Amino acid sequence: MSLKGQAILVQWSCGIPSGTKRDKEITNRVAHRIHGSSQNGKRMGNYNKIIVHNDYLRPFRTVRSGIDDYLHQWTVPWLTDLDLLPSKNLMDFSSFFRNEKSKWDHHIQLLSEKYPDEVQEEARNRLTSNDGSQSAFRDEDYLDKDSFLARFSLGMRFIPVSDADDLDIRVHVGESQEAVIRQSVRDDMEKELLDTHKELCMRIKKHVTHMRDIVSKDSKIFDTMVQGVSRLAETIPALNFTGDPMLDDIAQDIRNELTVDSNVLRNSEFVKSRVQTKADDILRKLGKINVT
Numbered sequence: 023m024s025l026k027g028q029a030i031l032v033q034w035s036c037g038i039p040s041g042t043k044r045d046k047e048i049t050n051r052v053a054h055r056i057h058g059s060s061q062n063g064k065r066m067g068n069y070n071k072i073i074v075h076n077d078y079l080r081p082f083r084t085v086r087s088g089i090d091d092y093l094h095q096w097t098v099p100w101l102t103d104l105d106l107l108p109s110k111n112l113m114d115f116s117s118f119f120r121n122e123k124s125k126w127d128h129h130i131q132l133l134s135e136k137y138p139d140e141v142q143e144e145a146r147n148r149l150t151s152n153d154g155s156q157s158a159f160r161d162e163d164y165l166d167k168d169s170f171l172a173r174f175s176l177g178m179r180f181i182p183v184s185d186a187d188d189l190d191i192r193v194h195v196g197e198s199q200e201a202v203i204r205q206s207v208r209d210d211m212e213k214e215l216l217d218t219h220k221e222l223c224m225r226i227k228k229h230v231t232h233m234r235d236i237v238s239k240d241s242k243i244f245d246t247m248v249q250g251v252s253r254l255a256e257t258i259p260a261l262n263f264t265g266d267p268m269l270d271d272i273a274q275d276i277r278n279e280l281t282v283d284s285n286v287l288r289n290s291e292f293v294k295s296r297v298q299t300k301a302d303d304i305l306r307k308l309g310k311i312n313v314t
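Note that the working numbering has the sequence shown beginning at 23, numbered continuously upward.
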């Protein structure tokens with residue numbers, strides 16, 4: 023089965039500084055206090071101080087988390103550091119990413135106005151004792167503005183999915199060897215495709231099992247759990263790249279039987295019992311799918 027036309031590969035990267043710095047002086051001081059020497063104290067670990075407060079980095083982490091959540095919902099892993107996105111979601115994701123990138127650039131602009139003066143002043147106050155006699159603040163811990171801002175990065179790349187028929191290697195290896203290589207590529211692609219099938223099955227199992235366990239144990243029911251199951255039902259057909267009809271049936275079962283109003287689920291023992299039974303039915307159906 024070919025994925026050409028069905029999906030596109032997504033490769034994204036995100037870099038955010040940790041905002042921390044190892045303080046050798048404090049690390050050695052603690053080691054001396056406990057072990058009598060800094061050498062023996064190395065096994066204790068290091069003291070990392072926060073030199074850039076989390077408030078300055080949180081907006082970037084929020085953007086990263088939003089992109090990660092989108093990709094986790096609408097893609098399946100493919101090889102290393104790649105995700106397989108349904109082609110029909112390309113425009114939606116492109117628009118989503120452009121919006122997140124605009125937020126990212128805006129946060130960079132705001133941070134550039136606060137670094138280094140405001141950032142260092144906040145750290146100086148926080149890392150210095152009330153009487154001013156001791157401080158872990160060090161000017162040398164900070165990069166210059168351009169170097170610091172250069173450590174923030176957000177990038178996205180779309181890569182077309184190729185298959186064995188796209189190869190043209192006869193000039194290099196000859197016809198007989200070309201057939202062997204083409205078949206090897208087909209086998210590898212088939213294996214990766216089956217892996218996406220397995221990943222999707224495991225994703226379904228995780229969500230449905232979690233919902234069943236929550237309603238059966240009379241645990242607190244959150245809106246996010248029901249919303250997550252509802253989103254799962256939407257994504258299954260799009261991520262069913264092998265065209266497995268049983269997965270499409272399961273998506274319909276989840277949509278019909280598990281997507282219920284959160285308040286009703288909280289307050290009705292009958293609905294809880296019904297959802298638990300239907301979840302067990304879905305898991306049994308899922309167990310009949312060969313994912314090896």
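Cβ coordinates follow ideal geometry from the N, Cα and C atoms, glycine included.
Note that the coordinates shown come from a computational prediction; the quantities given were computed from them, not determined experimentally.
Can you grab the Cα-Cα spacing for the pair residue i / residue j, in whole Å?
| i | j | result |
| --- | --- | --- |
| D153 | N147 | 11 Å |
| I272 | L308 | 8 Å |
| D168 | W34 | 23 Å |
| L171 | L25 | 39 Å |
| R120 | S155 | 49 Å |
| G63 | K136 | With a pLDDT of 49 at G63, under the threshold of 50, the modelled position of this residue cannot be trusted; read the value that follows with caution. The straight-line gap from Cα to Cα measures roughly 37 Å. |
| S295 | K220 | 29 Å |
| E162 | M211 | 51 Å |
| P267 | I226 | 15 Å |
| L215 | K228 | 20 Å |
| E143 | Q131 | 19 Å |
| S12 | D302 | Residue 12 cannot be examined here, being either before or after the span of the chain that is shown, 23 to 314. |
| V74 | A145 | 7 Å |
| K125 | R288 | 37 Å |
| I311 | V141 | 55 Å |
| A260 | L79 | 34 Å |
Using the three-state DSSP reduction, which class does residue i fall into: helix, strand or coil?
| i | result |
| --- | --- |
| V32 | strand |
| F180 | strand |
| G250 | helix |
| T150 | strand |
| S169 | helix |
| S87 | helix |
| N121 | helix |
| N111 | helix |
| L25 | coil |
| K213 | helix |
| I243 | coil |
| F344 | A query on residue 344 cannot be resolved here, the shown segment of the chain reaching from 23 to 314 and no further. |
Quick one: what's got a C-beta closer than 7 Å to residue i's C-beta in the same chain, skipping five residues either side?
| i | result |
| --- | --- |
| T49 | N68, Y69 |
| I304 | V230, I272, D275, I276 |
| L323 | Residue numbering for the chain in the displayed model covers 23 to 314; residue 323 lies beyond these limits and cannot be assessed. |
| L107 | A29, I30, V32, W96, T97, F115 |
| S284 | I243, D245, V248 |
| V183 | L25, K26, A29, I30, L31 |
| K123 | L176 |
Which residues in the same chain have their Cβ closer than 8 Å to the Cβ of residue i, if we skip the five residues on either side of it in sequence?
| i | result |
| --- | --- |
| T281 | V248, V251, S252, A255 |
| I258 | L222, I226, L269, D270, I272, A273, I276 |
| L104 | L31, V32, Q33, I181 |
Output needed for residue i: all residues of its chain with C-beta closer than 6 Å, excluding positions within five of it in sequence on either side, in chain order.
| i | result |
| --- | --- |
| T42 | N70, I72 |
| K300 | E279 |
| R44 | N68, N70 |
| Q238 | Going by the sequence as given, residue 238 is Ser instead of Gln. The residues are Q298. |
Which one or two residues does DSSP pair with residue i in a beta bridge?
| i | result |
| --- | --- |
| P99 | D105 |
| K43 | K71 |
| S175 | G37 |
| S157 | T150 |
Handout entry: Any alpha helix (DSSP H) of 4 or more consecutive residues that is wholly inside the segment 275 to 313
Key = Segments of the alpha helix (DSSP H) lying fully in the segment 275 to 313: 284 to 289, 291 to 309.
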